[in-house]
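So in this note's numbering the end of the sequence shown lands on 578, straight run, no missing numbers.
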Amino acid sequence: MSFDAQVAVSDPLFSCSGEMSDRIRAQDWSETPLGAIATWPQNLRLALSILLSSQFPMQILWGPEYIHFYNDAYIPIAGNKHPHALGQRGNECWSEVWEFAGPLLDNVRTTGKATWSEDQLLWLNRRGYLEECYFTFSYAPIYGGVGQVDGIFIAVQETTLRLMSERRLKTLQAEAQEARNRLERVLASLNDAFIMLDRQWCYTYVNPPAAQLFGKTEAELLGQPIWQATPSFNEPTCARELRQAMTEQKVRYFERYCPLEKRWFELRVYPFPDGLSLLGVDISDRKQVETELAELLSREQAARVTSEAARESAEAANRIKDEFLAVLSHELRTPLNPIIGWSQILQTRPLDPETTKRALETIERNAKLQTKLIEDLLDVSRILRGTLNLEAHSVDLATIIGVAIDTVRLACEAKSINLQTHFQPHIGCVTGDPNRLQQVMWNLFANAVKFTPPGGQVNIRLEQVEGYAQITVSDTGQGISPEFLPHVFEYFRQEDGSLTRASGGLGLGLAIVHHLVELHGGSITVESSGLGLGATFTVRLPLSEKRSRPRSRAKPLLPHIHLRGMKVLVVDDEA
């Protein structure tokens, strides 16, 4: 034990317990500018006693050398500078910020005036790298003789987490609001009437066609109960269907005639935890067709088979549209609930750092999901209008594939999926749009990972086959049924289109992939031996020396899509 330590054992200065009290007592100070502990002046001893007994982060910088003392509460702020920061000269310990701190300390020693800094930005190296940190602190003089400042007493609080969280929250709130605005623009663009109600039966959203149908403005309807604002919904059948949907939380369909407009509507009621959404589809033309069909069948029994086939075809098309609109309503609304919920919580009460972090991560994840869904809708709109353009460049597919693999690697690791890759070297380049080709690869890889169970395997191959670059993506996942295999690349088709399906999405990804590959002059095929037996997708793209530049525009419409009796949602972001 050093002489200083022997003296310190009985010194009242070290009566308080704690790591820093023990370290100060154990350190040999005799060779420092301060000298042995027994010789320390009373003002230093008193200041240290206050510092060591406090639960608030504090420092003392003593003498012209600014010898550094700090308490236990300050250790997290010191980072990896602890414990060697004890007894160091200030300009050695905090060299990265001394250009700021040094003059401030000198001014306190010279003038004796205390300072106050709030949320001050300092770039500290306390973990082996410079990091952006914020602190609120005060420098106060420790007087010795008359007018003489012997040291500086510092009370400090790190505010980095709060400021970073506030900054991130503002960004996420702006992104969430933009996503909500885009969703409202999509809903407002519908030709059909669309409304949303809360659990108190009050209007929370009314699109322009619905307001026009009710003969009122949106402002007159929002916040008002549906039964008082629009009494026509009190009709017994209509009221019963709505209340049953709310109570049972099941989708309901029913038809209703609107005398004001002299039109027939099919009302599709989609319940969700916070209320109902209701889509009113004008089926007057369909009603007219059904009437004419009934008359035709009564007159011409010979045409019965043909008419029945036409009716079934129309119903199938209408059912696909129903399923897509139900999924669209569900998928676009689902991410908004946690975004709005956490945003309201964060604005109304303080949360601990862990809960705040979880809230921000939830908001960010759902905002990105919302953006991806809307981008898919915009891509389909461009494809159907023939306005999807390509920016042609010479593209190294190995690089494109590598980037796409990186985006799904974490998902593979989370599910313990064995990801195998095989790249044939030097196969050459293709001519195409790198962003769109990366979209193709990411979609195929993400689907393979999503539909492969934990512990499964995904294989990705890149090779040259007959002058083409061939990419093969195979997995040991849930596979595809023989009945659905011919429809894999069709728009708005999913093998499980219900709202309770295990995987989310709008059923647009593979249709977009198919179109993008063909736009690059290539082809894509799919093979599967059935459910539970995995699937293999094969993409072939012409190598640059074998082909001309890709077409810059899509075909106006895909010839195999039957649009008779369907309505098309068009979203234009290139006005």
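Here a beta-carbon is modelled for each residue, glycine too, at the ideal position from N, C-alpha and C.
Burial is judged here by how many other beta carbons sit within 10 angstroms of a residue's own beta carbon; asparagine 446 has at least 16 and is buried. In its chain, beyond the 5 residues on either side, Gln460 have a beta carbon closer than 7 Å to the beta carbon of asparagine 421. Judged by beta-carbon spacing, leucine 47 lies beyond the 8 Å limit of histidine 71, meaning their Cβ atoms are not closer than that value. Our two residues, serine 33 and proline 67, have alpha carbons roughly 18 Å apart in a direct line. Nearest to glutamate 121 by alpha-carbon distance, out of Leu133, Arg129, Phe140 and Phe103, is Phe140. If you look at tryptophan 43, you'll find it isn't in any alpha helix (DSSP H); DSSP assigns it neither H nor E. With a cutoff of 8 Å on beta-carbon distance, valine 443 and valine 529 are scored as not near each other.
Distances from the alpha-carbon of proline 489 to those of Ile286, Ala41, Cys415 and Ile527 put Ile527 closest.
Per DSSP, the continuous beta strand (DSSP E) segment holding alanine 143 begins and ends at 133-146.
CA-CA distance, aspartate 285 to phenylalanine 268, rounds to 5 Å. By a beta-carbon distance limit of 8 Å, asparagine 74 does not contact glutamate 99. Their separation comes to about 22 Å. Separation of glycine 283 and arginine 271 (C-alpha to C-alpha, rounded to the nearest whole angstrom) is 6 Å.
Looking only at Gln247, Gln291 and Glu258, the smallest Cα-Cα distance to proline 274 is reached by Gln247. The three-state reading of DSSP puts leucine 281 in strand, counting E and B together. With contacts defined by Cβ atoms closer than 8 Å, tyrosine 142 and valine 111 form a contacting pair.
For glutamine 473, there is no enclosing alpha helix (DSSP H); the enclosing beta strand (DSSP E) covers residues 471-478. Runs of the alpha helix (DSSP H) lying entirely within the region 171-225 and spanning at least 4 residues, in chain order: 211-217 and 221-224.
Judged by DSSP secondary structure, glutamine 123 falls within the beta strand (DSSP E) whose first and last residues are 120-128. In this chain, the beta strand (DSSP E) harbouring threonine 424 covers 421-426. By the C-beta density criterion, glycine 218 is exposed, having fewer than 16 other C-beta atoms within 10 angstroms.
In the structure shown, the three-state DSSP call for phenylalanine 156 is strand.
Within the DSSP bridge table, the entry for leucine 544 names Ala472 as partners. Straight-line measurement puts the Cα of threonine 114 at about 9 Å from the Cα of glycine 150. Here the alpha carbon of phenylalanine 138 sits roughly 10 Å from the alpha carbon of arginine 165. Within the DSSP bridge table, the entry for cysteine 261 names Arg266 as partners.
Within the same chain, Cβ atoms closer than 6 Å to the Cβ of glutamate 22 are found at Asp75, the five residues on either side in sequence being excluded. It is roughly 35 Å from the alpha-carbon of arginine 307 to the alpha-carbon of isoleucine 483.
The three-state reading of DSSP puts threonine 434 in strand, counting E and B together. For the set Glu486, Cys415 and Thr351, the Cα lying nearest the Cα of alanine 451 is the one of Cys415. Of the residues Ala104, Gln497 and Arg464, the one whose Cα lies closest to the Cα of threonine 539 is Arg464.
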